[in-house]
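All letters in the sequence shown, in the order written, are residues 1 to 95 by full-length UniProt numbering. The C-beta atom is built at its ideal place from N, Cα and C for all residues, glycine as well.
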Amino acid sequence: MLEECKALSNETRLAILEWLKDPAANFPGTEGEHDGVCVGLIQRRAGCSVSTVSAHLAILQRAGFLRATRRGQWIYYRRDEERIRAFTERLHHTL
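What follows is the structure, encoded as structure tokens:
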């Protein structure tokens, strides 16, 4: 659970998770995209360098909050709702 808490301890990573909760509203033009949102769109919204956003996404993925899908040269990210729900339930029972 410590890795998940560390992943959530950054404002940008929290924002990314919030944005990906409703990708159509937060990333116009992604309506109907089932694979998620590409790194470039997340990077522009976050206002960080590509390498910084990639590091944030990797941390969120290792913590189990995101799933990545590669399509050609692009990687798309979406929330792993089941893992997020399991984490919040564990947190609720632990604290």
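Over the uninterrupted beta strand (DSSP E) stretch that includes alanine 24, give me the two end residues. DSSP places alanine 24 in no beta strand (DSSP E) but in the uninterrupted alpha helix (DSSP H) bounded by 23-26.
Between Ser49, Gly47, Arg67 and Glu82, which lies nearest to histidine 34 when the distance is taken from Cα to Cα? Answer by Cα proximity: Arg67.
Sorted by chain position, which residues of the same chain lie with C-beta nearer than 6 Å to alanine 46's C-beta, five sequence neighbours on each side aside? Answer for alanine 46: Thr12 and Val53, listed in chain order.
Segment limits, alpha helix (DSSP H) that includes threonine 94: For threonine 94, the enclosing alpha helix (DSSP H) has its first and last residue at 81-94.
Applying the 10 Å Cβ sphere with the 16-neighbour rule, what's the burial state of leucine 2? Leucine 2 should be labelled exposed.
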